[in-house]
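Undergrad: Below you'll find the structure I mean.
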Amino acid sequence: MRFKAEVRVTLRRDVLDPQGSAVEGALRAMGYDGVKRVRMGKWIELWLEAPSPADAQSQAEEMARRLLANPVLETYQVTLKEAGDDR
Amino acid sequence: MRFKAEVRVTLRRDVLDPQGSAVEGALRAMGYDGVKRVRMGKWIELWLEAPSPADAQSQAEEMARRLLANPVLETYQVTLKEAGDDR
Amino acid sequence: MSTSLPLWAVLGLRQEEYLKICEDLGSEPSETVLRMYAVMWSEHCAYKHSKPVLRRLPTKGPQVLQGPGENAGVVDLGDGLALVFKIESHNHPSAIEPFQGAATAVGGILRDVIAMGARPVALLDSLRFGWPDDARQRYLLSGVVAGIGHYGNSMGIPTVGGEVYFDPAYSGNCLVNSMCVGLARREEIQRAIAQGPGNLILVVGARTGRDGIGGAAFASQELSEASEADRPAVQVGDPFMGKLLMEAIHELYKVGGVVGVQDCGAGGLTSACVEMANRGGVGMEIDVLQVPRREEGMLPWEVMLSESQERMVVCLERGREAEAIRIFRKWGLEAAVIGVVTDDGVFRVKEGARVVAEVPVRSLADGAPEYMPDAREPDYLRLLRAFDFACLPEPEDYGDVLRKLLASPNIASRQWVYSQYDHHVRLGTVVGPGGDAALLRLPGTKKGVAVKIDGNGRYCYLNPRRGAAIAVAEAARNVVCVGAKPQAITNNLNFGSPEKPEVYWQFVEAVEGMAEACRALGTPVTGGNVSFYNEFEGRPIYPTPTIGMVGVSPDVERHVQPGFKRPGDVIVLLGQ
Amino acid sequence: MAKFGILVFPGTNCEIDVLRVLRYLLHQDAELVWHTEQDLERYDAVILPGGFSYGDYLRAGAIARWAPVIEAVYDIAEKGRLVLGICNGFQILTEAGLLPGALQRNRHLRYVCGWTHVRVERIDTPFTSAYREGQVLRIPISHGEGNFYADPDTLAEIEKWGQVVLRYANPDGQLTETANPNGSLHHIAGIMNKAGNVMGLMPHPERACEAILGSEDGCGIFASMIHYLTRGRVFHVD
Ligand SMILES: Nc1ncnc2c1ncn2[C@@H]1O[C@H](COP(=O)(O)OP(=O)(O)O)[C@@H](O)[C@H]1O
Numbered sequence: 016m017r018f019k020a021e022v023r024v025t026l027r028r029d030v031l032d033p034q035g036s037a038v039e040g041a042l043r044a045m046g047y048d049g050v051k052r053v054r055m056g057k058w059i060e061l062w063l064e065a066p067s068p069a070d071a072q073s074q075a076e077e078m079a080r081r082l083l084a085n086p087v088l089e090t091y092q093v094t095l096k097e098a099g100d101d102r
Numbered sequence: 016m017r018f019k020a021e022v023r024v025t026l027r028r029d030v031l032d033p034q035g036s037a038v039e040g041a042l043r044a045m046g047y048d049g050v051k052r053v054r055m056g057k058w059i060e061l062w063l064e065a066p067s068p069a070d071a072q073s074q075a076e077e078m079a080r081r082l083l084a085n086p087v088l089e090t091y092q093v094t095l096k097e098a099g100d101d102r
Numbered sequence: 058m059s060t061s062l063p064l065w066a067v068l069g070l071r072q073e074e075y076l077k078i079c080e081d082l083g084s085e086p087s088e089t090v091l092r093m094y095a096v097m098w099s100e101h102c103a104y105k106h107s108k109p110v111l112r113r114l115p116t117k118g119p120q121v122l123q124g125p126g127e128n129a130g131v132v133d134l135g136d137g138l139a140l141v142f143k144i145e146s147h148n149h150p151s152a153i154e155p156f157q158g159a160a161t162a163v164g165g166i167l168r169d170v171i172a173m174g175a176r177p178v179a180l181l182d183s184l185r186f187g188w189p190d191d192a193r194q195r196y197l198l199s200g201v202v203a204g205i206g207h208y209g210n211s212m213g214i215p216t217v218g219g220e221v222y223f224d225p226a227y228s229g230n231c232l233v234n235s236m237c238v239g240l241a242r243r244e245e246i247q248r249a250i251a252q253g254p255g256n257l258i259l260v261v262g263a264r265t266g267r268d269g270i271g272g273a274a275f276a277s278q279e280l281s282e283a284s285e286a287d288r289p290a291v292q293v294g295d296p297f298m299g300k301l302l303m304e305a306i307h308e309l310y311k312v313g314g315v316v317g318v319q320d321c322g323a324g325g326l327t328s329a330c331v332e333m334a335n336r337g338g339v340g341m342e343i344d345v346l347q348v349p350r351r352e353e354g355m356l357p358w359e360v361m362l363s364e365s366q367e368r369m370v371v372c373l374e375r376g377r378e379a380e381a382i383r384i385f386r387k388w389g390l391e392a393a394v395i396g397v398v399t400d401d402g403v404f405r406v407k408e409g410a411r412v413v414a415e416v417p418v419r420s421l422a423d424g425a426p427e428y429m430p431d432a433r434e435p436d437y438l439r440l441l442r443a444f445d446f447a448c449l450p451e452p453e454d455y456g457d458v459l460r461k462l463l464a465s466p467n468i469a470s471r472q473w474v475y476s477q478y479d480h481h482v483r484l485g486t487v488v489g490p491g492g493d494a495a496l497l498r499l500p501g502t503k504k505g506v507a508v509k510i511d512g513n514g515r516y517c518y519l520n521p522r523r524g525a526a527i528a529v530a531e532a533a534r535n536v537v538c539v540g541a542k543p544q545a546i547t548n549n550l551n552f553g554s555p556e557k558p559e560v561y562w563q564f565v566e567a568v569e570g571m572a573e574a575c576r577a578l579g580t581p582v583t584g585g586n587v588s589f590y591n592e593f594e595g596r597p598i599y600p601t602p603t604i605g606m607v608g609v610s611p612d613v614e615r616h617v618q619p620g621f622k623r624p625g626d627v628i629v630l631l632g633q
Numbered sequence: 679m680a681k682f683g684i685l686v687f688p689g690t691n692c693e694i695d696v697l698r699v700l701r702y703l704l705h706q707d708a709e710l711v712w713h714t715e716q717d718l719e720r721y722d723a724v725i726l727p728g729g730f731s732y733g734d735y736l737r738a739g740a741i742a743r744w745a746p747v748i749e750a751v752y753d754i755a756e757k758g759r760l761v762l763g764i765c766n767g768f769q770i771l772t773e774a775g776l777l778p779g780a781l782q783r784n785r786h787l788r789y790v791c792g793w794t795h796v797r798v799e800r801i802d803t804p805f806t807s808a809y810r811e812g813q814v815l816r817i818p819i820s821h822g823e824g825n826f827y828a829d830p831d832t833l834a835e836i837e838k839w840g841q842v843v844l845r846y847a848n849p850d851g852q853l854t855e856t857a858n859p860n861g862s863l864h865h866i867a868g869i870m871n872k873a874g875n876v877m878g879l880m881p882h883p884e885r886a887c888e889a890i891l892g893s894e895d896g897c898g899i900f901a902s903m904i905h906y907l908t909r910g911r912v913f914h915v916d
């Protein structure tokens, strides 16, 4: 079976996010005064073949833990979807 | 009212994603043979003050269009949440 | 775009060109053939408006091993060493997507030098933007600088010099010229040629996608707001793959069997294959089904015209293919035999067994008509010449004037730019950015190579002939300042539309001025690039020839650096 | 003579520079080692040079850390052989967990190349014995992700164990704000593991080994390693 896993990698709360702060500053400079805080993360889409949803989920979790996120800086969240026409 | 907008920025389908290909190759080399394709994108969390959900949504959409995504290469999707304890 | 226009017109060909194509073919072209012509006969690939004028440049000298006509020029350094160098522009792509536009400029010029058999040893860049108090211009500047750094840094090639100027003339059409300098032993120099019927044609490096289709045509039009809509999918550079391709191709050179190599630049496979066949006076047969692809359902012409980056075309002796493919596989790259050299002078494109195009190589490569449009001195010059400098009041406070000058973005330090470029990698940079020319040491000898890129659009606007000559002279002075003797130049001619008599006049004058200065200084032109149609909403940029000069220092230990060194040293002003 | 292995990953680009310094300036037995190698037993010391392994895609060093050769690096590090990571090599060592912390994107978000000064924090290590205590070295940096980060507990531990070997400083050795080129916590430019045989640093010592290139201050790192390896000096932190 074919699945799509969406992995969201975000910075840990206590880690400084210079890029997020830069975007925040830029948005305010553009006039969006309501913006209070911006955090930047990564969004990774994985298409994979696996025997079952449970297997796909656990494989994707493992990939996220081992490679996609650096535990010193980041946390992650994996959402599994069926790979539809969404390639 | 305070909201959280989650902006997902992904590369246009026909745009080359060298980073995604490198990650794909790395995952296969690590033994995840089932991985068929990887695409890398950005995940941006915005906390903002706005008079109404509709206003927050439209502000976030506008920020995504004007700054967060590069229309030449990327597309985006905005999801609005109430800003809960989620930070 | 109206759909009632014939395809040739939609593709940017003129009627006389279309008729010449029919005449060369003896029949009406198919869509595939027409699309290939449209790219090969675009200004960008065919130099229709510039060829006759460029012939006026001095290109010979005892030091010149390779003049214009190949991927890059070559000068002799003695001790069996050769210096390979070339400049290229990516103005329009950078105006649309500054980071990727500039990154792919660097990738392309690196591959031009690599295709010559050389190891790139240095990069330089010449940039023009509108005034930096505008957010859009700052966005372009920071994107371009980051893009150049992204590609060069990752490849491990130091960016050792360049120049940046700001002027409203470039607000709608920035300039991004990139220069690469490489080093080879004389006998290692390769040519971009296909020869020997039966020999094989390979495409190596990345897979082919739909990106950048029509890029050459895009570069041959003025920019406007509408450019947004009809631009091709932007090409994304992959310096990581570029680096692997560089290593792999050098490994291939070592094992031998390489007849010729060319980078897949503007015009993609079509341009690379046809130009190689044309140089060898041979024909070629390509099967698009053999080209490794990134996307499904590509039409033959899409495969033939894609400008996907990080690809090169290799002509290889038959029988060497297994070894070549093994090398590229080892580096994780694609390598596929896509065709064969023939002896009939025909460029034949097949999709499996089906022939989709058959065109005489010479017509496609060299058959575009040459134009010598009207040239007319622009009116603004008369007004400018009538200006009486005496009417300017004497400044009251020269200190204030000095402060104003120093605060100008055009005089301020460029450290913000060059600190984003790795300028130390390879351990060759004896004098880096921040001074006059850069100076690189030549391993195994006492010698050094000086490199510099210079141009001044404002001077050229005021007097294109003098302005171009001044740019050559300035580059030469910079090279001399680090203790080297100027040897040769490459150049990038950035102008507006050649179909405007005023622009064409500027172009002709600038080339004349450059030729004069090169003759006077004994620095022949070994190549270059022409970028026309640098306009926005009908307004041309300043005429901006960019000069890339190389020089040789006999003893790199005895170099000079700018800056006063010790109290008590004597200060001398040389020249009038 | 000591035997050095210089690891090469796809995208590494400073391997030749390090090789040149070790072989031609310091006359050592040094060779390049491809990332697929599984045995590093034959080397006294292994260097992970700078560059952009795997294009620095995802995170600098993240992909290289999974290369087959890294298993062998764990092995020899365990055995007390010397391991030095320069720039991208430092990033790989932190990703691999051989050194604590992580190297984040530079605080100002730009790639930065230029001369920096670093203060030698300790000289009782196999990598710094050639220097004087507190000596200030002039060595170039060139990186986009050199901003050292560790959570507060880890950082405290790093300091407690004296694992900081180099800190960005001004030419007088003071830790001023402007002397820190990338926002690194505690001005950290180079650290070692607790055992003292694995070190990583962001500056490029191989680029500062010849006067004609602007400085010879980096040479001491390699000279110290050679001294340690050839004189068989025993070494302990704590
Ligand atoms: N300004 C110029 N001065 C001298 N030679 C030039 C100039 N512009 C282009 N040429 C030469 O014309 C030839 C074709 O240019 P090239 O840049 O290789 O085309 P392309 O960019 O389409 O590959 C090259 O040999 C180049 O050196």
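Residue numbers (the numbering used here), protein chains in the order written: chain A, 16 to 102; chain B, 16 to 102; chain C, 58 to 633; chain D, 679 to 916. Think of the CB as a built atom: it goes at the ideal place given N, C-alpha and C, for glycine as much as any other residue.
Fully enclosed by the stretch 838-900 of chain D, which beta strand (DSSP E) runs are 3 residues long or longer?
TA: Runs found: 842-847, 866-870 and 876-879.
Undergrad: When you compare only the Cα positions, how much space is there between His914/D and Tyr702/D?
TA: In this predicted model, His914/D has a pLDDT of only 44, less than 50, meaning its place in the structure is not dependable; the value taken from the coordinates is given anyway. Rounded to the nearest angstrom, the two C-alpha atoms are 31 Å apart.
Undergrad: Along chain D, in chain order, which residues have C-beta atoms closer than 7 Å to that of Ala84/B?
TA: None at all; the shortest Cβ gap to chain D is about 18 Å.
Undergrad: Would you please verify whether the beta carbon of Asp320/C is less than 9 Å from any beta carbon of chain B?
TA: No - not a single Cβ of chain B is within 9 Å of the one on Asp320/C.
Undergrad: Name the chain B residues that come within less than 9 Å of Arg336/C, Cβ to Cβ?
TA: What Arg336/C touches in chain B: nothing, since even the nearest Cβ is about 30 Å away.
Undergrad: Using only CA atoms, which one of Met571/C, Glu74/C, Val394/C and Val331/C lies nearest to Gly512/C?
TA: Among Met571/C, Glu74/C, Val394/C and Val331/C, the Cα nearest to that of Gly512/C belongs to Met571/C.
Undergrad: Tell me which residues of the stretch 784-803 of chain D have at least one Cβ-Cβ distance to chain C shorter than 7 Å, keeping chain order.
TA: Residues passing the 7 Å Cβ filter: Arg788, Tyr789, Val790, Cys791 and Gly792.
Undergrad: Just the Cα atoms here: how many angstroms apart are Asn766/D and Leu726/D?
TA: Looking at the two C-alpha atoms, the distance is approximately 8 Å.
Undergrad: Starting from Arg195/C, follow the alpha helix (DSSP H) in both directions and report where the run begins and ends.
TA: Ala192 to Met212 is the span of the alpha helix (DSSP H), which, as asked, contains Arg195/C.
Undergrad: Return yes when the Cβ of Arg28/A is within less than 9 Å of the Cβ of Lys57/A, no when it is not.
TA: No, these two residues do not count as a Cβ contact at 9 Å.
Undergrad: State the DSSP-derived secondary structure class of Trp62/B, mapped to helix, strand or coil.
TA: If DSSP states are grouped into helix, strand and coil, Trp62/B belongs with the strands.
Undergrad: If distances are taken between C-alpha atoms only, which option among Glu245/C, Leu91/C, Asp81/C and Gly83/C comes closest to Ala66/C?
TA: Ala66/C has its Cα closest to that of Leu91/C, out of Glu245/C, Leu91/C, Asp81/C and Gly83/C.
Undergrad: Are the C-beta atoms of Glu352/C and some chain B residue less than 9 Å apart?
TA: Closer than 9 Å: yes.
Undergrad: Measuring CB to CB, does Thr547/C end up less than 9 Å from Ile144/C?
TA: Yes, these two residues count as a Cβ contact at 9 Å.
Undergrad: Is Gly878/D close to chain B? Criterion is C-beta to C-beta, closer than 9 Å.
TA: So, not an interface residue.
Undergrad: Ignoring anything shorter than 3 residues, give me the beta strand (DSSP E) runs that lie fully in the stretch 327-410 of chain C, in order along the chain.
TA: Listed in chain order, they are 340-344, 368-373, 391-399 and 403-408.
Undergrad: Can you check whether the C-beta of Ala65/A is within less than 9 Å of a C-beta belonging to chain B?
TA: Yes, because at least one Cβ of chain B sits closer than 9 Å to the Cβ of Ala65/A.
Undergrad: Flag Leu441/C as yes when its Cβ comes closer than 8 Å to any non-hydrogen atom of ligand 3, and as no otherwise.
TA: Questions concerning ligand 3 fall outside what the structure shown contains, since the ligands it does hold are ligand 1.
Undergrad: Which residue marks the beginning of the beta strand (DSSP E) containing Ser146/C, and which one marks its end?
TA: Start and end: Leu138 to Ser146.
Undergrad: Exposed or buried, what is Phe18/A when buried is set at 16 or more other beta-carbons lying within 10 Å of its beta-carbon?
TA: Looking at its Cβ environment, which holds 16 or more other Cβ atoms inside 10 Å, Phe18/A is buried.
Undergrad: Give the residues of chain C in contact with Cys897/D, contact being defined as C-beta atoms less than 7 Å apart.
TA: Going along chain C, no residue has its Cβ under 7 Å from Cys897/D, so there is no contact; the nearest lies around 13 Å.
Undergrad: Are at least three pairs of beta-carbons, each pair with one atom in the stretch 489-502 of chain C and one in the stretch 131-140 of chain C, less than 8 Å apart?
TA: Yes, they touch.
Undergrad: The alpha helix (DSSP H) spanning Trp65/C covers which residue range?
TA: Unbroken alpha helix (DSSP H) run through Trp65/C: Leu64 to Val67.
Undergrad: In the DSSP assignment, the beta strand (DSSP E) including Leu82/A goes from what residue to what residue?
TA: No beta strand (DSSP E) holds Leu82/A; DSSP gives it neither H nor E.
Undergrad: Check whether the stretch 184-192 of chain C and the stretch 432-441 of chain C touch, using three or more Cβ-Cβ pairs below 8 Å as the test.
TA: Not touching, per the Cβ criterion.
Undergrad: Given a limit of 9 Å on CB to CB distance, which residues of the stretch 824-851 of chain D reach chain A?
TA: Within the stretch 824-851 of chain D, the qualifying residues are Asn825, Tyr827, Ala828, Asp829, Pro830 and Thr832.
Undergrad: So is Leu83/A buried or exposed if we call it buried at 16+ other beta carbons inside 10 Å?
TA: Buried.
Undergrad: Taking the C-alpha atoms as reference points, what is the distance between Pro66/A and Arg267/C?
TA: If I take the Cα positions, the gap works out to 33 Å.
Undergrad: Is Val627/C helix, strand or coil by DSSP?
TA: Three-state result, Val627/C: coil.
Undergrad: Of all the alpha helix (DSSP H) runs that stay within the bounds of the stretch 291-320 of chain C, which reach a length of 4 or more residues?
TA: List check, alpha helix (DSSP H) in window: 296-312.
Undergrad: On the DSSP bridge list, what partners appear for Tyr702/D?
TA: Partner(s): none; Tyr702/D has no beta bridge.
Undergrad: Considering Cα atoms alone, identify which of Leu704/D, Gly689/D, Ile684/D and Met679/D is closest to Glu894/D.
TA: Among Leu704/D, Gly689/D, Ile684/D and Met679/D, the Cα nearest to that of Glu894/D is on Leu704/D.
Undergrad: How far does the alpha helix (DSSP H) with Trp562/C in it reach, from first residue to last?
TA: Start and end: Pro558 to Leu578.
Undergrad: Out of curiosity, what's the CA-to-CA distance linking Ala857/D and Gln477/C?
TA: In a straight line, the C-alpha of Ala857/D is about 17 Å away from that of Gln477/C.
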